[in-house]
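In the numbering used here, the protein residues as written are 57 to 780.
First comes the structure, then the notes that go with it.
Next comes the structure, spelled out in structure tokens:
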């Protein structure tokens, strides 16, 4: 049933004329949570004294509110969308603020995904035209209003830094808001040319920095506070797929602050007056589990099965002609990539209020369409009766982009059970602890690769055979119809063969997708995180076997001028290798963007790796906000470096061994290298930037380590080899 609901949600489409409609609305409203005014569906409609459209509201107090259809989880999406509106509107940056859009697929669908959602580094690419047109249309309506008010020719009116003038008269955007709202929406608008841009490609202040640095309340799901709020924490099976067979909750119910214990088929939820009381009581529950349908294999057993599959032909993804050229040198290698958790700083949380007819969920919603539809299905009400109030996300890296909206569904089940038992609607906040998050699944899938690549007598690649073994993220979900073709899940092979920036002769790829009971999910850069590692480390070994410079060797097979451009730029900016350091190189295309990274690495006296400096070059089309691009490249690089150094999720008899940051060790500040980012000035349409910085760092560091030590790290993480 849930998959059917998801299928309907994924198929949903909604269009508006250039994404811009005039709307009539009632009075603005809000909900006081933790002392801050949070947007509700009502406020997203604007007020009677505003120029209110789906994407921008101009208020009489001269505030320009940009309605953000995407989740901002730290990647700067809200700032990027505000930049587009402000530039075309000619607003002053200081008057611009943002507000998250309500769940409304018809108005706020991601034009590249078909649902209202954020992911795949698509926020800026799908909004580039839409938000600029929205800003330009609002500007045209303001100009028309001013011309009518002043009785002048519209051609005489200019707008700059939020001021409207014809030379004789002046007004703010807010002054003209009411009059502009009465104007007709123009049939077409002319967008600015690049030489007219004020903010795009230059700078625009982050819209979230002040609130975050001041510790403002009400931003995140963890901040939600309201009258009558209760807190829920769940006891879940220690093995994925386990069922709750028995429960003794007497001790828990007797503990201070405990309000109720709710039993569900696969878990039990403690409801208490505080999160801490709920956690303490949850730990006092005594449960019996039925593991007959659970995943009972551990990492060793799964790895053995994957290794056996490497010896068997898989589903063909790419089948290149066999080269007739004599092979002089051959490189054969097997790779292992462990499960990885997302570990955002804000673990999963969602607050729900359900009265039997309507429901509201407050959370960092990444796919509002699914959260709305699945919440409705669980509660047995119409999706139109479910409101999703999107809050800022304290990180995600893919964790909140859930194909089954499982945490929203869990909160809905708890709220429904509460209402049925007590007959009174009360808000409930479901909180996952850090341990719940690390042990909770939805990991980057474990993968293995086998590669056999050869060179001819002249040092040129003659063939490249690659086999991939790993769970398909979309297989068995409603996304399968879009992401799986011929039995091959696109997430396992992205970046290989025809999807690579390289043109390599004889590149053949086949795939195995074993069925495993561990829930998996897209993780920052998804399959590129392992495919780039394999391709770039093999390319480096081939270059050395061919006695070729690693940059020159790669350029032989980079026919895409944008890929060549970033590699050449990074090599130029990196300059000479500093004394005592060893250099590694990697270049990769993902999410439409091109990134080259050059890592300078030191091997410490104890044999561990210290990445001292990384030079990056990126081509992501028009750089909407250069400072944000730099931040995303730095953050993505750090995230990828963290993964290769020490991170892994392992299991013993189906139970996850890690639980918190002491045994799932993230990057420390002392591990972070100096990073220099060089942005290619491009006229191409914007492409992704939240993820492309992650894939190249692993192979760049691995290549430096191999050149320094002779050790090829094919079994991640580095810590398993004494290197971190």
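C-beta: ideal position from N, C-alpha, C; glycine also.
Since the structure is predicted, the reported quantities are computational estimates derived from the model, not experimental observations.
Three-state class that DSSP yields for residue 524 in the structure shown: Position 468 of the chain shown holds residue 524. Here residue 524 sits in strand by DSSP.
C-beta atoms of residue 523 and residue 500 nearer than 7 Å: Locating residue 523 in the chain shown gives position 467, where the first residue counts as 1. Locating residue 500 in the chain shown gives position 444, where the first residue counts as 1. Contact flag unset, no.
The stretch 238 to 247 in contact with the stretch 124 to 134 per 3-pair CB rule at 8 Å: no
Straight-line Cα distance separating residue 345 from residue 859: Outside the shown range of the chain (57 to 780) lies residue 859, about which nothing can therefore be said.
Selected residue, minimal CA-CA separation from residue 293, among 777, 703, 323, 632: Taking the first residue of the chain shown as position 1, residue 293 is located at position 237. Of the listed residues, the one whose Cα sits closest to residue 293 is 323.
Backbone CA spacing between residue 256 and residue 691 [nearest angstrom]: Looking up residue 256 in the chain shown gives position 200. Looking up residue 691 in the chain shown gives position 635. Going from the Cα of residue 256 to the Cα of residue 691 covers about 22 Å.
Collapsed DSSP secondary structure at residue 593 in the structure displayed: Translated into the one-based positions of the chain shown, residue 593 becomes position 537. Three-state result, residue 593: helix.
Inter-stretch contact (C-beta, 8 Å, three-pair minimum) for the stretch 613 to 630 and the stretch 644 to 659: yes
Coil, strand or helix - residue 703 by DSSP: Walking along the chain shown from the start, residue 703 turns up at place 647. Here residue 703 sits in coil by DSSP.
Alpha-carbon to alpha-carbon, residue 674 and residue 238: Taking the chain shown and counting its residues from 1, one reaches residue 238 at position 182. Taking the chain shown and counting its residues from 1, one reaches residue 674 at position 618. Across the structure, residue 238 and residue 674 are spaced so that their CA atoms are roughly 44 Å apart.
Whole-Å CB distance - residue 744 paired with residue 177, under 8 Å assumed: Position 688 of the chain shown, counting from 1, holds the residue named residue 744. Position 121 of the chain shown, counting from 1, holds the residue named residue 177. 2 Å between Cβ atoms; contact.
Cβ-based burial, residue 772 [other Cβ within 10 Å; buried from 16]: Within the chain shown, residue 772 is the residue found at index 716, counting from 1. By the 10 Å Cβ count, residue 772 comes out buried.
CA nearest to the CA of residue 197, picked from 396, 210, 186, 300: As a first step, residue 197 must be located in the chain shown, where it is residue number 141. Among 396, 210, 186, 300, the Cα nearest to that of residue 197 is on 210.
Residue 453, enclosing alpha helix (DSSP H) - first and last residue: Counted from its first residue, the chain shown places residue 453 at position 397. Taken as a continuous stretch (DSSP letters only), residue 453 belongs to no alpha helix (DSSP H), as it is neither H nor E.
Whole alpha helix (DSSP H) elements within the stretch 254 to 294, 4-residue minimum: 265 to 269
Bridge partners - residue 448, DSSP secondary structure assignment: Looking up residue 448 in the chain shown gives position 392. The partner list for residue 448 (beta bridge, DSSP) reads 276.
Coil, strand or helix - residue 584 by DSSP: Here residue 584 is taken as the residue at index 528 of the chain shown, counted from 1. DSSP places residue 584 in the helix class (H, G or I) of the three-state scheme.
First and last residue of the uninterrupted beta strand (DSSP E) at residue 504: Counting from 1 along the chain shown, the entry for residue 504 is found at position 448. Segment 503 to 511, the beta strand (DSSP E) holding residue 504.
Three-state class that DSSP yields for residue 558 in the structure shown: One-based indexing of the chain shown puts residue 558 at position 502. Looking at residue 558 - three-state DSSP - the assignment turns out to be strand.
Exposure label - residue 232; buried when at least 16 CB within 10 Å: The sequence position of residue 232 within the chain shown is 176, counting from 1. Classification of residue 232: buried, given that the 10 Å Cβ count is 16 or more.
Three-state class that DSSP yields for residue 85 in the structure shown: Looking up residue 85 in the chain shown gives position 29. Reliability fails at residue 85, whose pLDDT of 26 lies under 50, so the model's placement of it is uncertain and no value is given.
At least 3 beta-carbon pairs within less than 8 Å: the stretch 253 to 271 vs the stretch 298 to 312: no
Segments assigned alpha helix (DSSP H), at least 4 residues, entirely inside the stretch 733 to 779: Scanning the stretch 733 to 779 from its first residue to its last, the whole alpha helix (DSSP H) runs of 4-plus residues come out as 753 to 765.
Closest Cα partner of residue 112 within the set 146, 682, 575: Translated into the one-based positions of the chain shown, residue 112 becomes position 56. For residue 112, the nearest C-alpha among the options comes from 146.
Given 8 Å, three or more beta-carbon pairs between the stretch 705 to 722 and the stretch 606 to 624: no
Span separating the alpha-carbon of residue 669 from that of residue 378: Residue mapping note: residue 669 aligns to position 613 of the chain shown, counting from 1. Residue mapping note: residue 378 aligns to position 322 of the chain shown, counting from 1. Approximately 41 Å, taken between the alpha carbons.
Buried/exposed call for residue 143, threshold 16 Cβ in 10 Å: Within the chain shown, the letter at position 87 stands for residue 143. With 16 or more other Cβ atoms within 10 Å, it is buried.
Beta-carbon contacts of residue 592 that lie in its chain and below 6 Å, excluding the five residues immediately before and after: Position 536 of the chain shown, counted from the start, is the residue given in the question as residue 592. Counting only Cβ-Cβ distances below 6 Å, and skipping sequence neighbours, we find 642, 755.
Runs of alpha helix (DSSP H) wholly within the stretch 160 to 212 (minimum 4 residues, chain order): 161 to 164, 179 to 206
Backbone secondary structure at residue 133 - three-state DSSP: In the chain shown, residue 133 corresponds to position 77, counting from 1. Of the three classes helix, strand and coil, the one that applies to residue 133 here is helix, per DSSP.
Top-ranked residue by Cα proximity to residue 559, from 609, 636, 577: Sequence index remark: in the chain shown, residue 559 carries index 503 (1-based). Put simply, of 609, 636, 577 the residue whose alpha carbon is nearest the alpha carbon of residue 559 is 609.
Candidates 679, 215, 696, 688, of which the one nearest residue 781 by Cα: The requested residue 781 is not part of the displayed model; the chain covers only 57 to 780.
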